[in-house]
Amino acid sequence: MGFADRDYSQVGGQGFGGGMSGIPTGPGSPSQWSFNTWLIVANIAVFVLGSFIGAGVQTTFKVPTKAQYFIAGVEPTAEFAVTDTYQRVADQDGIPRYGRVIVAPETREPLGISMVVEDEDPFVAWGHFSTGLGFFQFEIWRLVTFQFLHAGIFHLLFNMIVLFFFGPIVERHLRSRMLYAAFYLTCGIFGALLYLLFNLLGYLGVPLPGALDVELYTKLIGASGGCFGVIFAAAFLEPNARVLLFGVLPMRLRTLAYATFGLALFNLVTGGDNAGGDAAHVGGALAGAYFIRNPKHLLDFFDGLLPTGKKKGTSLKAKKQKPPGAKKSPGGISERDLKREDELLAKVGTQGMQSLTESEMQFLNEIREKRLSAERK
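In this text, residue positions in the sequence shown follow this note's numbering: the first is 47, and each later residue adds one.
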């Protein structure tokens, strides 16, 4: 299959010829938006919709049945106050569960432990990640959905600023919406997996720095893992770019990446506030540093997730090869040029887009234009 049929030539429909990147970042038809733009819009939409649907944090609720709660001698229809403290309990099948402590409204005497938390919007309830749900109960979709949830406006704002300024650098380099999507989501997944690892170490009592002594059902939400991956990738691509920390302090992008990583790692190993979140930050940063250097390892990310009857340009890898013995393409391209094209595409597959010289990029673009011209005839 030729270069024009490969996904990484389809960004914005411009291939290598679309300005600096071939990725539209300004206003226009949503079909022309970059994945980074869609990512920002999706995160904001989920936050706004969740805030609109959610009734806010409830301080009291009615216990519906004794089967759902551990209640000590209290009628199940009585109204109780609920604290923010979580304790471990075990239900009938022996799987560990965690719930908020139920106390008497006036005396604050502990009466039992809730098995269901009813004070969160449905996005958080069904999308957050935790070791208990994501690992022990194998709800693996949470490895992706938690990346679109945020705890508050400032949590959302920080992550979206990171994506707005640094995401286009990475997507421009990868030259594919889907490859960038695979990169971003993989960084977030690795962040959750590192959180999971340290949470299990803490649960098992392993005395290692960074082991998280938090409940297995503690929620992990936020796009920070993917954002840290984006920062590290952008720092690898443009290490000497000048940025303003907090809009005031000038520094190189590479310095910013290392500084934020160092702070997150220090907070993790010392068990500071939000150490669990920093475990996800560290995991996302490490994944970003690796996969921006080895994007070929992301090519199979969506395999098995997309329908088998997908159209051209929707997969990260070309599934159909050029028929053996074919000497000319519909555009009248010579066999020698076809062979060179295949060699350059193989080079891209093993070394990445950055390995191409300017003349090689120009050659591939010319081949693409010939095919497009033949299709228009």
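From the three backbone atoms N, C-alpha and C, an ideal C-beta is built for every residue, glycine too.
Scanning the segment 269 to 347 for uninterrupted alpha helix (DSSP H) segments of 4 residues or longer gives 270 to 283, 299 to 315, 321 to 337, listed from N- to C-terminal end. Residue 343 is classed as exposed because its beta carbon has fewer than 16 other beta carbons within 10 Å across all chains shown. In the structure shown, residue 266 adopts extended strand secondary structure according to DSSP, grouped into three states.
Under the DSSP assignment, residue 253 falls outside any alpha helix (DSSP H); it carries neither an H nor an E label. Minimum Cα-Cα distance from residue 191 among the listed residues 207, 198, 174, 178 corresponds to 174.
Judged by DSSP in its simplified three-state form, residue 92 adopts helix. Look at residue 244 here: in three-state DSSP terms it is helix.
Per DSSP, residue 171 is one residue of the alpha helix (DSSP H) stretching across 168 to 173. Counting C-beta pairs closer than 8 Å gives three or more between the segment 253 to 272 and the segment 175 to 182, which meets the contact rule. One alpha carbon belongs to residue 245, the other to residue 259, and they sit about 7 Å apart. DSSP lists no bridge partner for residue 394. Counting other Cβ atoms within 10 Å of its Cβ, residue 184 stays below 16 and is therefore classed as exposed.
Taking a C-beta distance under 8 Å as the contact criterion, residue 195 and residue 169 qualify as a contact pair. If you draw a straight line from the Cα of residue 243 to the Cα of residue 250, it is about 11 Å long. Contact check between the segment 198 to 206 and the segment 220 to 231: fewer than three CB pairs, one atom from each, fall below 8 Å, which does not count as touching. When 407, 254, 83, 393 are compared, the shortest CA-CA separation from residue 206 is found for 83.
A distance below 6 Å between beta-carbons, with the five flanking residues on each side excluded, links residue 327 to the following residues of its chain, in chain order: 270, 274, 310. Listed in chain order, the non-local C-beta contacts of residue 291 below 7 Å within the same chain comprise 297, 302, local neighbours out to five positions each way being set aside. The three-state secondary structure of residue 149, taken from DSSP, is strand. Taking each of 92, 224, 88, 241 in turn and checking the Cα distance to residue 331, the smallest one comes out for 241.
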